[in-house]
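Please read the structure below before turning to the comments.
There are 2 protein chains.
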Amino acid sequence: MNKTEEKQISKATIARMPLYLHYLQEENSKGTQYISSTVIAQNISVSSVLVRKDLALVSSEAGRPRLGFAVSRLMVDIEKFLGYDNLSEAVIVGAGGLGRAFLGYEGFKSNGLSVVAAFDLDEKLVGTKVAGKDILHMDELEKFVAEHNIPLGIVTVPKSAAQEVVNRLVGAGVRAIWNFAPAPLRVPKDIVLKTEDLAASLAILAGKLYKTGDR
Amino acid sequence: MNKTEEKQISKATIARMPLYLHYLQEENSKGTQYISSTVIAQNISVSSVLVRKDLALVSSEAGRPRLGFAVSRLMVDIEKFLGYDNLSEAVIVGAGGLGRAFLGYEGFKSNGLSVVAAFDLDEKLVGTKVAGKDILHMDELEKFVAEHNIPLGIVTVPKSAAQEVVNRLVGAGVRAIWNFAPAPLRVPKDIVLKTEDLAASLAILAGKLYKTGDR
DNA sequence: TTTTTATCGATATTATTATATCAAATACTT
DNA sequence: AAGTATTTGATATAATAATATCGATAAAAA
């Protein structure tokens, strides 16, 4: 029933990968050579079986009984799986609060992503820099993306402008869109779109709070 | 096997609620009185059965055959379920890039959340304002949270400081933590914690990109 | 008033994801 | 060198979530 011959890896699994990677980096810096699924599991707060299943999907080498997994090897495998060697540069469209924050956010670096510039319509912002990165005018978007062969566009514009921005990014050649505008967007089939719904996250939080804290 | 007598509502369902709500608000402003699960489903890109199941969990009134659900009633129900009447004020700890962005982010407002102040150690930031909101010194955190009876703390400090900040917030009386630091945190059982993992999101994006765009 | 038809909500089915169990493997201990 | 203990990875089971099916209902049409 599966169209592709590749085994499907669930989002839940993918979402755990950065956690594994992060912990492995930590252990690696301490000089740890091998690590067991049990230990990893405790740190990530999941079951050890799940860790083994997850790692089996990406590991190029089987874990060794009584020793566990080779930390450095596993790091490379996960990084490769996540495409951190692949996905490198991004532009931000929308230099409002969230956009400027992302410009300065160092957290992306450790995940193989570098934000190289932002774009906005606001004349007061255009020409300024945030964290050493230029804020350019929207008119230059297509040219910049095409010239630098940027694979990823981060969208932090208001909802009303989101679809048009996405169209322009796609037209300019990005292969993926990371959308923070609370809007349902349409993209061509071969473009990867992930809409980050902070409202939904907040909802989960509030929902849990409601349940726990009610009365 | 379930400790609580309340039926458990899945995170996936909760995450869809803001989508429903948003769409309902849109329709409501157009004057739509009743709306069917089929129409909602098309807009949210899920199946109509799923919509009905989700709505059945929160709706105070059954949908009417041939008409659908009463839009305004449903909005109230969802808002109540999400606790948007309940969760109102929050503080941000860590006025770095992300923290300042959230201070200015208007998106929270429409979800019933108001960020009232930020806290930081950096003397250069303390005393300044962002979007009309004060950045205060960490020394004042406990007093402020207790005095204003703030239920939610948003954590945007570096990983190394995250656990201590959380401890202090909890000590000061918040009931929930929204964590943006890439760190696994410990909280007492009655405190709601949601760690927002931008790296994980990025990973999913990169993962899909890798799969689609490979070769 | 009767018939038609869109829609709900309940139940059953399927798919997906996580957990439990256990034999095989191998580093470590004696 | 032999035995022990720990860890993996495979298989089986359970739990969770999404989808499909269908009779009951009530608004609209005839």
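Read top to bottom, the protein sequences are chains A and B. The letter at position 113 of the first sequence is residue 113 when you use the working numbering, and the numbering goes up by one with no holes. Positions in the second sequence are counted from 1; adding 1000 to them yields the working numbering. Here a beta-carbon is modelled for each residue, glycine too, at the ideal position from N, C-alpha and C.
Distance between beta carbons of residue j and residue i, contact taken as under 8 angstroms
| i | j | result |
| --- | --- | --- |
| B/Ser1037 | B/Arg1052 | 5 angstroms |
| B/Pro1182 | A/Gly107 | 7 angstroms |
| B/Gly1097 | A/Tyr105 | 5 angstroms |
| B/Val1157 | B/Val1187 | With 8 angstroms as the limit, B/Val1157 and B/Val1187 do not qualify as a contact, their Cβ atoms being about 15 angstroms apart. |
Residue i vs residue j beta-carbon contact at 8 angstroms
| i | j | result |
| --- | --- | --- |
| B/Leu1169 | B/Val1192 | no |
| A/Gly94 | A/Asp77 | no |
| A/Val174 | A/Ile150 | yes |
| A/Ile154 | A/Ala90 | yes |
| A/Asn232 | A/Glu196 | There is simply no residue 232 of chain A to check, as chain A begins at 1 and stops at 215 in what is shown. |
| A/Leu82 | A/Met17 | yes |
| A/Phe69 | A/Leu55 | yes |
| A/Val201 | B/Lys1194 | A quick correction: the sequence has Ser, not Val, at residue 201 of chain A. Taking 8 angstroms as the Cβ cut-off, A/Ser201 and B/Lys1194 qualify as a contacting pair. |
| B/Pro1184 | A/Ser29 | no |
| B/Leu1152 | B/Ala1176 | yes |
| A/Ala131 | B/Ala1101 | no |
Where residue i meets chain B, residues with beta-carbon distance less than 7 angstroms
| i | result |
| --- | --- |
| A/Met17 | Ala1203 |
| A/Lys11 | Ile1204 |
| A/Gly127 | Neighbours of A/Gly127 on chain B: none; closest Cβ ~20 angstroms, over 7 angstroms. |
| A/Leu113 | Leu1202 |
Contacts that residue i makes with chain A (C-beta to C-beta distance below 8 angstroms)
| i | result |
| --- | --- |
| B/Asp1197 | Ala15, Pro18, Leu19 |
| B/His957 | Only positions 1001 to 1215 of chain B appear in the structure, and residue 957 of chain B is not among them; the question remains open. |
| B/Tyr1084 | Ala206 |
| B/Gly1068 | The premise fails here: B/Gly1068 is roughly 20 angstroms from chain A at the closest Cβ pair, so nothing lies under 8 angstroms. |
Closest by C-alpha distance to residue i, when choosing among the options
| i | options | result |
| --- | --- | --- |
| A/Lys129 | A/His148, A/Gln25, A/Leu103, A/Asp197 | A/Leu103 |
| B/Leu1067 | B/Ala1206, B/Ala1176, B/Ala1041, B/Ile1035 | B/Ile1035 |
| B/Glu1026 | A/Ser88, A/Ser160, A/Gly171 | A/Ser160 |
| A/Leu113 | B/Ile1177, B/Ala1206, B/Val1187 | B/Ala1206 |
| A/Ala199 | B/His1148, B/Pro1184, B/Asp1122, B/Ser1110 | B/Ser1110 |
| A/Leu125 | A/Asn43, A/Leu136, A/Gly31 | A/Leu136 |
| B/Glu1140 | B/Gly1132, B/Gln1008, B/Ala1172 | B/Ala1172 |
| A/Val134 | A/Leu152, A/Ile92, A/Glu142 | Residue 134 of chain A is actually Asp in this sequence, not Val. Nearest option by C-alpha distance: A/Ile92. |
Proximal chain A residues relative to residue i, where beta-carbon distance stays under 7 angstroms
| i | result |
| --- | --- |
| B/Gly1104 | Gly97 |
| B/Arg1100 | Ala101 |
| B/Gly1094 | Residues of chain A passing the Cβ test: none, with the nearest at roughly 12 angstroms. |
Interface residues of chain B facing residue i [CB-CB closer than 9 angstroms]
| i | result |
| --- | --- |
| A/Ile44 | Pro1184 |
Burial state of residue i (16 or more Cβ within 10 Å)
| i | result |
| --- | --- |
| A/His22 | buried |
| B/Ala1162 | buried |
| B/Glu1061 | exposed |
| B/Glu1147 | exposed |
| A/Val115 | buried |
| A/Gly127 | exposed |
| B/Glu1079 | buried |
| A/Gly63 | buried |
Under 8 angstroms from the C-beta of residue i: neighbouring residues of chain B
| i | result |
| --- | --- |
| A/Gly171 | Near A/Gly171 there are no residues of chain B at all, since even the closest Cβ is about 17 angstroms away, more than 8 angstroms. |
| A/Gly153 | None at all; the shortest Cβ gap to chain B is about 11 angstroms. |
| A/Gly132 | Ordered by position in chain B, no residue passes the 8 angstroms Cβ test against A/Gly132, which lies about 13 angstroms from the chain. |
Within chain A, the residues that residue i reaches when beta carbons sit closer than 9 angstroms
| i | result |
| --- | --- |
| B/Leu1055 | Ordered by position in chain A, no residue passes the 9 angstroms Cβ test against B/Leu1055, which lies about 15 angstroms from the chain. |
Proximity test, residue i beta-carbon vs the ligand FMN heavy atom, cut-off 7 angstroms
| i | result |
| --- | --- |
| A/Val165 | Because no ligand of any kind appears in the structure shown, any question about the ligand FMN cannot be addressed here. |
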